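I have placed the structure first, in the form of structure tokens, so that the comments after it can refer back to it.
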Amino acid sequence: MPGYELIGIEEQNEINEVFKNGGVLFRHGFDELRNNCYKVKEFEEAFAKKMNVPYALAVTSGTSALRVALSVLNLQEGDEIITQSFTFVATVEAIIEARAIPVCTEIDEGFNMDFEDLKSKIGPKTKAVIVVHMLGTPAKLKEIKKICDDFDVPLIEDSAWGCGGSYNGIALGTYGRMGTYSFDFVKTMTTGEGGMILFKNKFDYEKAAAWHDHGHENNPKVPRWEDTRASSGFNFRMTELQGAVGLAQLRKLDFIVKMQNKNKKALEEAIKGNKHIKLREVPSGSYETADALVFTVKDKDSALNIRRELLKEGISTKILPEATSWHFSATWTHMKELEVFHGKDLSNAFPISKKLLERAVSLPVKVNFDDDYLNKVRKAIDRALYAVS
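Sequential numbering of the sequence shown, starting at 11, is according to my numbering.
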């Protein structure tokens with residue numbers, strides 16, 4: 011986290027170009043006013059090239075990116091989509107909005123999808139698997155992809171935290187059939203709000219592009235107001251100002267991820283001497299976005315005490331342990347759709363994940379650390395764990 015640290019004159023210059031060329035803020039049409047200035051289109055093309063895939067579609071958020079990706083699959087009532095129990099609420103919300111049944115797996119020691127549990131939950135009703143690279147660490151994509159291939163089920167990567175990372179040299183978000191990204195204000199790169207979907211085949215891209223634009227096929231043979239359509243859709247179009255910011259941020263992505271990895275390593279070095287800490291597992295071949303440093307301690311009280319001591323130093327944790335209610339499906343009792351597969355007692359539906367999460371701590375990693383940040387973190391953790399040891 012995050013690209014907002016580096017917002018500056020580059021983003022302003024890209025936005026200025028929009029207003030210097032007619033001020034058209036809508037991504038389509040108005041050709042006579044815009045002097046060939048199409049920032050969203052340019053952003054999509056640059057992002058696709060960066061990730062080495064043929065097609066990219068910019069949308070309004072990471073949540074809408076997931077929903078638009080699911081629109082490609084022709085889902086029917088009763089179809090199931092599998093994701094993991096530790097993810098942001100948006101992943102399951104997108105499944106519900108697609109009128110499918112959400113199914114969640116346990117997580118492994120890497121805090122991502124447990125592929126063994128995936129095996130036990132995949133079945134004839136499964137129409138897709140959405141794997142999430144939580145807090146910038148790649149999931150075990152090799153094993154998960156093999157399971158999906160064996161069952162002939164498409165794999166979608168929720169790379170909201172994975173933009174700029176890779177697994178075995180393959181960019182996160184490009185391993186499966188489709189990949190989605192979030193560009194909200196605290197993601198690795200940001201457009202304020204916004205998202206992107208990557209596609210490997212033209213059919214998926216064209217179907218999603220139409221669906222995200224009320225069904226518009228943007229047929230070049232007719233004007234937009236007479237456009238052809240084959241289905242209904244919705245409005246998840248990105249604006250030209252977001253596209254402009256995205257272009258500037260994309261040019262900074264490699265630097266952001268490089269610095270986050272450097273600073274995460276420094277944070278690991280600062281705390282690794284504490285024998286009460288166990289660092290999160292990272293799959294071999296991973297290049298993390300290093301959004302956060304995640305570790306476990308002996309129990310829930312220890313995790314909470316670390317957060318209290320960090321707050322005394324003016325330092326916050328990230329999601330763990332304070333925000334699992336937004337990131338753990340066992341707490342989402344407001345989503346009755348989860349009960350279809352998991353039953354009414356969601357609190358006990360994911361015991362392995364619950365045990366792991368309640369004793370976990372996540373430290374945000376920034377591009378720019380304060381001078382005394384590492385020392386403050388070390389002292390706070392040492393105080394906290396001494397107090398409960």
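Note that beta-carbon positions come from the ideal geometry of N, C-alpha and C, so glycine has one too.
None of these values were measured; they are calculated from a predicted model.
{"query": "Find the nearest neighbour of Gly-120 within the set Gly-202, Leu-303, Gly-174, Asn-315, judged by alpha-carbon distance.", "result": "Leu-303"}
{"query": "Does DSSP classify Phe-379 as helix, strand or coil?", "result": "coil"}
{"query": "Would you list the one or two residues that DSSP bridges to Gln-94?", "result": "Thr-115"}
{"query": "Could you give the uninterrupted runs of the beta strand (DSSP E) lying entirely in the stretch 295–319, keeping only those of 3 residues or more?", "result": "302–306"}
{"query": "Whole alpha helix (DSSP H) runs in the stretch 61–95 with 4 or more residues, listed along the chain?", "result": "72–81"}
{"query": "Would DSSP call Ser-363 helix, strand or coil?", "result": "helix"}
{"query": "What residue range is occupied by the uninterrupted alpha helix (DSSP H) comprising Lys-5?", "result": "There is no way to answer for residue 5, as the model of the chain reaches only from 11 to 399."}
{"query": "Given Lys-308, which residues of its chain have a CB within under 7 Å of its CB, disregarding the five upstream and five downstream residues?", "result": "His-286, Arg-369"}
{"query": "Below 8 Å on the Cβ atoms is my guess for Phe-96 versus Ile-132; work out the distance and round it to an integer in Å.", "result": "Rounded, the Cβ-Cβ distance is 18 Å, inconsistent with contact."}
{"query": "Counting pairs of Cβ atoms below 8 Å between the stretch 263–277 and the stretch 365–384, do you hit three or more?", "result": "yes"}
{"query": "With distances taken between CB atoms, is the gap from Thr-299 to Trp-221 smaller than 8 Å?", "result": "no"}
{"query": "What did DSSP end up calling Ser-399 once you bin it into helix, strand or coil?", "result": "Per-residue confidence for Ser-399 stands at a pLDDT of 49, beneath the threshold of 50, marking its modelled position as unreliable; the derived number appears in the next sentence. DSSP places Ser-399 in coil when its eight states are reduced to three."}
{"query": "Going by Cα to Cα distance, which pick from Lys-231, Asn-284, Met-206 is closest to Ser-169?", "result": "Met-206"}
{"query": "Please give me, in chain order, every unbroken run of the beta strand (DSSP E) with length at least 3 that falls completely inside the stretch 179–257.", "result": "188–192, 205–209"}
{"query": "On the criterion of 16 or more Cβ atoms from any shown chain inside 10 Å, does Asn-122 qualify as buried, or is it exposed?", "result": "buried"}
{"query": "Would you say the stretch 201–216 touches the stretch 334–351, given that touching needs at least three Cβ pairs under 8 Å?", "result": "no"}
{"query": "Just list the residues that DSSP pairs Met-123 with in beta bridges.", "result": "Ile-117"}
{"query": "Out of curiosity, what's the CA-to-CA distance linking Pro-148 and Glu-291?", "result": "10 Å"}
{"query": "Leaving aside the five residues before and after Thr-101 along the sequence, list all residues of the same chain whose C-beta is less than 7 Å from its C-beta, in chain order.", "result": "Leu-76, Thr-93, Ile-140, Val-142, Asp-168"}
{"query": "Quick one: residues in its chain with C-beta nearer than 6 Å to the C-beta of Glu-90, no 5 flanking neighbours on either side, listed in chain order?", "result": "Ile-111, Val-113, Lys-135, Thr-136"}
{"query": "Could you have a look at Glu-27 and say whether DSSP puts it in helix, strand or coil?", "result": "helix"}
{"query": "In chain order, what residues of the same chain lie with their CB nearer than 8 Å to the CB of Ser-399, ignoring the 5 residues before and after it?", "result": "Since pLDDT at Ser-399 reaches only 49, below the 50 mark, its modelled position is unreliable, and the value read off the structure follows with that caveat. Once the five neighbours on either side are set aside, the close Cβ partners of Ser-399 are His-286."}
{"query": "For Ala-254 versus Ile-19, is the C-beta distance shorter than 8 Å?", "result": "no"}
{"query": "Just to confirm my understanding: we take Arg-44, look at its own chain, exclude 5 residues before and 5 after, and list those with CB closer than 7 Å. What are they?", "result": "Asn-31, Gly-32, Val-34"}
{"query": "If you draw a straight line from the C-alpha of Val-28 to the C-alpha of Leu-251, how long is it?", "result": "7 Å"}
{"query": "Looking at the unbroken alpha helix (DSSP H) that takes in Leu-277, where does it start and where does it end?", "result": "263–281"}
{"query": "Looking at Ala-79 and Thr-190, is the spacing between their C-beta atoms short of 8 Å?", "result": "yes"}
{"query": "Indicate the three-state DSSP secondary structure (helix, strand or coil) for Asp-355 in the structure shown.", "result": "coil"}
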